[in-house]
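Asker:
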Amino acid sequence: GTSWFAMPDGREAALPQIAENQRGTLDSLQLESAVTETGRNLKIYLPNGYAESSGRYPVAYINWGDEVLAKADVTNMLDRMTGTQIDPLIVVFIPLVPGRRGELLGPNAEKYSQMVAEEVVSLIDKTYRTIPESDARLIVGQGDAAHSAFYTAFKFPGVFGNVASQSMMALTRHENELREIIKASNVSNMRVYMDWGNYDMRSTVEGWDMRTACTDLAEFLKSRGYSVNTQTVNDGYSWLSWRNRTAQLLATFFPKK
């Protein structure tokens with residue numbers, strides 16, 4: 003993880019909020035999933051001006067969306083960076099179901115990914131003015147959720163044309179699983195972004211290292227002809243680290259035109 007040192011009167015670094023009339027809005031949409039047999043409340047960020055426009059927008063789908071909203075200050079970042087670094091886009095925050103084990107890594111991972119690819123995307127396309135094409139869809143994850151993002155993108159080809167990870171948590175069996183799915187996939191034009199920290203988690207006793215796993219996966223993807231944008235930073239495994247790079251991640255796929 004990451005260690006932080008602060009003085010008693012120190013303040014957490016944060017982007018100041020912009021004027022209310024320049025902010026986007028956060029909508030709610032209930033999904034009743036037949037695949038996972040669960041209900042969950044999706045949160046959808048709509049960019050400033052969405053209601054007044056008739057245009058269509060690209061969409062970023064973020065796994066573990068409840069944690070991202072709580073800890074990454076992402077709506078404030080979207081308000082400030084839209085129109086300066088990134089094009090206006092819709093962002094869907096997909097929450098996990100409390101107490102439901104292994105939705106990102108584990109026994110319910112495949113059903114979770116199927117739900118995202120088949121049910122969440124369909125519901126969003128029906129409800130909002132999206133660009134309903136794979137090139138205009140991005141799926142994102144941090145930590146365990148990063149593995150899920152890649153799993154979904156390659157297991158269900160044709161839905162997502164873009165995938166991004168921050169500090170992917172993938173032990174050897176998860177790495178091998180992803181490689182087999184990527185090999186079996188007929189996806190040819192996936193664009194990939196991966197970042198990780200020099201201080202991400204590892205265990206010399208157990209023989210695993212997230213940094214090595216991310217590097218190896220990036221090289222594997224490149225060897226198969228995929229466009230892979232990578233970044234290694236002097237940071238660690240935490241929301242405080244990841245949120246510093248969210249704008250850059252989104253700008254990789256949807257830069258301001």
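The opening residue of the sequence shown carries number 3 in our numbering; numbering runs sequentially from there.
Glycine is no exception: its CB is placed at the ideal position from the N, C-alpha and C atoms.
This one's a predicted model, so the numbers in the text were calculated from it and none came from an experiment.
Mind reading off the beta-carbon distance from V93 to Y47? Whole number of angstroms is fine, and I expect it under 8 Å.
Answerer: That belief holds up - the Cβ atoms of V93 and Y47 are roughly 4 Å apart, short of 8 Å.
Asker: Thinking just about the alpha-carbon of each residue, which of S115, G163, I133 is nearest to the one in P90?
Answerer: If we check each option's Cα against that of P90, I133 comes out closest.
Asker: So if DSSP puts K45 in a beta bridge, which residue, or which two residues, is it bridged to?
Answerer: Paired residue(s): S30, F95.
Asker: Relative to the C-alpha of R58, which residue among R247, V142, F158, E135 is closest?
Answerer: Comparing Cα-Cα distances from R58 to each of R247, V142, F158, E135, the minimum goes to E135.
Asker: Please classify E34 as buried or exposed, where buried requires at least 16 neighbouring CB atoms within 10 angstroms.
Answerer: The residue is exposed, with fewer than 16 neighbouring Cβ atoms inside 10 Å.
Asker: Rounded to whole angstroms, what is the Cα-Cα separation between R226 and C216?
Answerer: Straight-line Cα distance between these residues: approximately 16 Å.
Asker: Assign L140 to one of three DSSP states: helix, strand, or coil.
Answerer: Three-state DSSP puts L140 in a strand.
Asker: Starting from the C-beta of P257, find all residues in its chain whose C-beta is less than 8 Å away, skip the five residues before and the five after it, and write them out in chain order.
Answerer: Correct list, in chain order: Q87, I88, D89.
Asker: Where does V165 sit, in a helix, a strand or coil, going by DSSP?
Answerer: Of the three classes helix, strand and coil, the one that applies to V165 here is strand, per DSSP.
Asker: Distance check for G143 and A249, CA to CA, integer angstroms please.
Answerer: If I take the Cα positions, the gap works out to 14 Å.
Asker: Between which two residues does the alpha helix (DSSP H) harbouring I126 extend?
Answerer: Note, I126: alpha helix (DSSP H), 123 to 129.
Asker: Mind checking which residues open and close the alpha helix (DSSP H) that includes R114?
Answerer: The identity of residue 114 in the sequence shown is Tyr, whereas the question assumes Arg. 111 to 116 is the span of the alpha helix (DSSP H), which, as asked, contains Y114.
Asker: From V123 to D81, what does the alpha carbon distance come to, in whole angstroms?
Answerer: Roughly 23 Å separates the two Cα atoms.
Asker: Can you give me the start and stop residues for the beta strand (DSSP E) that V37 sits inside?
Answerer: It is not in any beta strand (DSSP E) - V37 carries neither H nor E in the DSSP assignment.
Asker: Note down, one range per segment and in chain order, each beta strand (DSSP E) of at least 3 residues found wholly within the stretch 41 to 86.
Answerer: DSSP runs (the beta strand (DSSP E)) wholly in the stretch 41 to 86: 61 to 64.
Asker: Would you grab the beta carbon distance between N50 and T84 for me? Rounded to a whole angstrom, and I think it's under 8 Å.
Answerer: Their Cβ separation, rounded to whole angstroms, is 7 Å, which keeps N50 and T84 in contact under 8 Å.
Asker: Below 7 Å, is the gap between the Cβ of R42 and the nearest heavy atom of the ligand PLP?
Answerer: Absence of the ligand PLP is noted for the structure shown, with no ligands found whatsoever.
Asker: Count the other CB atoms, across all protein chains shown, that sit within 10 Å of the CB of S56; report buried if there are 16 or more and exposed otherwise.
Answerer: Its Cβ having fewer than 16 others within 10 Å, S56 is exposed.
Asker: Using 8 Å for Cβ pairs, my map puts N231 next to S150. What's the rounded Cβ distance?
Answerer: No, N231 and S150 are not in contact; Cβ-Cβ is about 20 Å, not under 8 Å.
Asker: Using a Cβ-Cβ cut-off of 6 Å (strictly less than) and excluding sequence neighbours within five positions of F255, which residues of its own chain qualify?
Answerer: Cβ within range, chain order: L140, N164.
Asker: Indicate the three-state DSSP secondary structure (helix, strand or coil) for D89 in the structure shown.
Answerer: Note: D89 maps to coil in three-state DSSP.
Asker: Can you list, in chain order, the residues of its chain whose CB lies under 7 Å from that of F152, leaving out five sequence neighbours each side?
Answerer: Excluding residues within five positions, the ones whose Cβ falls inside 7 Å are V165, S167, L180.
Asker: Per DSSP, which one or two residues make a beta bridge with R193?
Answerer: According to DSSP, R193 bridges with N164, S229.
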